[in-house]
Amino acid sequence: MSHLDLLSAINGTLRSKKQSDVPVQIRFYNMLRGVKVQVVHIDEQGNRDLWCELTYRAQQMITTFQGASYEVRSVLGGAIICAGTVPEPPKLPHVPHWDLMIHPYQFAQPNQIGDVPKSSSTIIIPPNSPRVLVGYSENAGNIILRIQYWERSPESISLAPKHKHVIYSSQQAGTTWSSSSEETLAEAASLSVGAGIGAFSVSASGSVSNSSTTGFSATEESDSETQIETKVENTTQYDIIAFEWRLVDETLVIRNEKYLASYAVAQSPSVIEVIEFAPGKEFIEQLELIFPDSVPMDRSGLLAGEFGQELEKAHSEEKGRR
27 MSHLDLLSAI
37 NGTLRSKKQS
47 DVPVQIRFYN
57 MLRGVKVQVV
67 HIDEQGNRDL
77 WCELTYRAQQ
87 MITTFQGASY
97 EVRSVLGGAI
107 ICAGTVPEPP
117 KLPHVPHWDL
127 MIHPYQFAQP
137 NQIGDVPKSS
147 STIIIPPNSP
157 RVLVGYSENA
167 GNIILRIQYW
177 ERSPESISLA
187 PKHKHVIYSS
197 QQAGTTWSSS
207 SEETLAEAAS
217 LSVGAGIGAF
227 SVSASGSVSN
237 SSTTGFSATE
247 ESDSETQIET
257 KVENTTQYDI
267 IAFEWRLVDE
277 TLVIRNEKYL
287 ASYAVAQSPS
297 VIEVIEFAPG
307 KEFIEQLELI
317 FPDSVPMDRS
327 GLLAGEFGQE
337 LEKAHSEEKG
347 RR
């Protein structure tokens with residue numbers, strides 16, 4: 027297990043290597059009291075299948091191969107705990123297998139869960155990042171989990187060339203769910219509001235640096251402790267999509283593997299990620315993959331409606347760049 031494997035699992039790029047002929051045994055131990063976990067195998071194509079599910083102090087021996095990749099997630103909260111790639115068999119005498127302890131020392135550090143999700147030729151608008159477990163504590167018989175993830179804000183917008191937009195946000199822009207408030211959360215955890223919970227606090231705080239991308243300008247101004255104003259300007263000749271990402275801090279309180287309360291707050295400032303939307307060859311090919319083989323490949327009459335028009339426009343723009 028390595029931090030690089032964990033970051034690869036978070037950004038969705040962790041894959042098993044080509045299967046070898048040498049079998050390797052690895053035994054998983056769950057050392058997280060009150061937290062049921064799932065150990066999931068990730069194959070060469072990124073498909074996932076369940077290896078085992080473990081309650082506290084449970085263990086499971088898995089026979090696999092060198093180079094097989096896996097990730098461990100919490101059942102409640104669905105957060106990634108750790109990830110790794112199976113090494114070659116142990117070379118020590120009388121040690122026939124590896125042991126892996128699922129323990130807090132394997133967690134990602136708070137605010138260290140990788141970059142914001144990126145667009146690609148196949149996914150123009152990326153979804154929220156996976157949830158990542160970054161803190162664990164016990165109090166008065168309750169288990170308290172701290173989870174972080176990147177959330178795409180509804181303030182994300184598209185801008186035509188030479189246009190400007192202002193994104194307004196606040197220091198605490200998160201929402202509360204599960205009928206919980208910060209007071210309810212503190213009560214469930216048997217703590218006063220704002221008190222520390224183990225290695226972290228009920229009131230999530232911190233900062234994430236703004237990113238900058240050539241082709242647009244973003245300036246951030248704060249006229250109070252809570253209000254933040256981000257000005258985005260499209261200085262390119264193409265349409266752009268400006269995604270606003272917030273690092274969400276979520277605290278879960280559970281007992282007997284059931285939810286008691288949860289509270290989430292978005293850290294500030296946000297991260298602005300901008301992409302140019304200029305359809306090229308890859309985008310055209312991706313659109314064509316969606317159409318059935320029975321449809322004639324006449325570009326101008328492929329499909330009526332907006333999708334066909336978008337494909338025709340993309341082909342015209344591609345021709346103009348040749």
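Numbered as in my numbering, the sequence shown ends at 348 without a single skipped number. Idealized CB from N, CA, C, for every residue including glycine.
Contact set for residue i: own chain, Cβ-Cβ below 6 Å, skip 5 residues either direction
i           : result
residue 301 : 145 and 267
residue 189 : 260
residue 124 : 52
Of the residues the options, the one placed nearest residue i, counting alpha carbons only
i           : options               : result
residue 279 : 42, 30, 44 and 59     : 59
residue 31  : 148, 111, 259 and 52  : 111
residue 299 : 272, 74 and 282       : 272
residue 184 : 80, 262 and 98        : 262
residue 57  : 118, 73 and 132       : 132
residue 149 : 129, 73 and 38        : 38
residue 181 : 116, 136, 141 and 258 : 258
As assigned by DSSP and simplified to three states, the class of residue i
i           : result
residue 32  : helix
residue 132 : helix
residue 165 : strand
residue 37  : helix
residue 111 : strand
residue 257 : strand
residue 70  : coil
residue 100 : strand
residue 225 : Residue placement at residue 225 cannot be trusted, given a pLDDT of 37 that sits under 50; what the coordinates show is reported in the next sentence. Note: residue 225 maps to coil in three-state DSSP.
residue 245 : Because the pLDDT at residue 245 is just 42, under 50, the model does not fix this residue reliably, and the value given afterwards should be weighed accordingly. If DSSP states are grouped into helix, strand and coil, residue 245 belongs with the strands.
residue 138 : coil
residue 87  : strand
residue 188 : coil
residue 264 : coil
residue 47  : coil
residue 176 : strand
residue 277 : strand
residue 62  : coil
residue 154 : coil
Close Cβ partners of residue i (< 8 Å) along its chain, the five nearest in sequence each way excluded
i           : result
residue 42  : 67, 68, 69, 70, 93, 94, 95 and 111
residue 46  : 91, 92 and 93
residue 154 : 143, 175, 176, 177 and 178
residue 23  : What the structure shows of the chain is the stretch from 27 to 348, and residue 23 is not part of that stretch, so it cannot be assessed.
residue 116 : 122, 123 and 124
Same chain only: Cβ atoms within 7 Å of residue i, ignoring 5 sequence neighbours per side
i           : result
residue 49  : 89 and 91
residue 158 : 36, 105, 106, 134, 139, 173, 174 and 175
residue 156 : 36, 106 and 175
Test item: CB-CB of residue i and residue j under 8 Å
i           : j           : result
residue 55  : residue 127 : yes
residue 270 : residue 296 : yes
residue 78  : residue 61  : no
residue 292 : residue 274 : yes
residue 63  : residue 100 : yes
residue 168 : residue 281 : yes
For residue j and residue i, believed in contact at Cβ under 8 Å, the rounded distance
i           : j           : result
residue 256 : residue 160 : The pair is not a contact, with the Cβ atoms about 26 Å apart (cut-off 8 Å).
residue 102 : residue 289 : Not confirmed; about 15 Å, so no contact.
residue 40  : residue 109 : 6 Å
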